[in-house]
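Reading through the C-alpha cells given below for one structure.
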Amino acid sequence: MSNQPERTCIICKSKKEKSQLFRIVEKDGIYVLDEKQIVQSRGQYICKEHNCLNRLSKHKKIKVSIEDLLKMVNLLKKESKDYLKILKAMKNSQELVFGINMILEEIEKINFVVIATDISERNNRKLIDKLKEKNISYVHYGNKSQLGEIFGKDEINVIAIKNKKVARGLIENSK
Numbered sequence: 005m006s007n008q009p010e011r012t013c014i015i016c017k018s019k020k021e022k023s024q025l026f027r028i029v030e031k032d033g034i035y036v037l038d039e040k041q042i043v044q045s046r047g048q049y050i051c052k053e054h055n056c057l058n059r060l061s062k063h064k065k066i067k068v069s070i071e072d073l074l075k076m077v078n079l080l081k082k083e084s085k086d087y088l089k090i091l092k093a094m095k096n097s098q099e100l101v102f103g104i105n106m107i108l109e110e111i112e113k114i115n116f117v118v119i120a121t122d123i124s125e126r127n128n129r130k131l132i133d134k135l136k137e138k139n140i141s142y143v144h145y146g147n148k149s150q151l152g153e154i155f156g157k158d159e160i161n162v163i164a165i166k167n168k169k170v171a172r173g174l175i176e177n178s179k
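With the working numbering applied, the sequence shown covers 5 to 179.
If you want it as C-alpha cells, here you go:
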C-alpha cells in the first residue's frame, strides 16, 4: 500500500487512493469537478468508474452539471486501458472465465475481473462483495453487449482473468 491518502467514494462507499477518484466541490448549490484536486473547499469523491458516474448522474441530492459529468466520462476514457481489445486478444486462451456462476466456481484461480457497466445492482453487489472478500481487483468497463461480443454471445455480465502476469498488468493500468 502506498502512502497516498485514501478517500471514500460517495456513491459506492469503497475506499481508494485519491488518484483513483474524481473530486467534486460545491459551488452555489451545484457540484463542479475539481480536476486538479486543489480547490479550497470541502470535496466529495467519486470512483473513476462508469458505474459510479452513472449513479452520480441520477443522484437526487448531489447535482453535477452535465458538462462536468461529460468531462469526467472523457477523462475516464483517456485514462482507462482498452480492456475490450485485451480481452479479445485473449479470448482463445484458457485464461478467461465469463459469467457470474463460472467466476464464483473458479474464484480461487481468478486474479482480475472486468464487470459490465450495465450489470444489475443485485449481481454487481453480490460479485463485488465476493471479490473484496477474496481481495481480487476489478474494474467496471464496457457494457454487457460489448463483453458478449468477445465470445460471440448476446450479453456477458462479467469476464475474469486467471493469468497472474496479465492480471497484474491490467491492475497496474486500472489504478
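Built from N, CA and C at the ideal position, the CB exists for glycine as well.
query	result
Is there contact here, the stretch 61–79 with the stretch 120–136, by at least three beta-carbon pairs under 8 Å?	no
Within the continuous alpha helix (DSSP H) that includes Ile163, where are the two ends?	It is not in any alpha helix (DSSP H) - Ile163 instead sits in the beta strand (DSSP E) that spans Val162 to Ile165.
What did DSSP end up calling Tyr87 once you bin it into helix, strand or coil?	helix
Using the Cβ count rule (16 or more neighbours within 10 Å means buried), how would you classify Ile183?	Because residue 183 is not part of the residues shown, which for the chain are 5 to 179, the question remains open.
Excluding the 5 residues preceding and the 5 following Cys16 in the sequence, name in chain order all residues of the same chain whose CB lies nearer than 7 Å to its CB.	Cys51 and Cys56
Is the separation between the beta-carbon of Ser61 and that of Leu79 shorter than 8 Å?	no
With three or more beta-carbon pairs closer than 8 Å as the criterion, would you say the stretch 106–121 touches the stretch 144–158?	yes
By a C-beta neighbour count over all protein chains shown, 10 Å radius and 16 as the cutoff for buried, is Asn7 buried or exposed?	exposed
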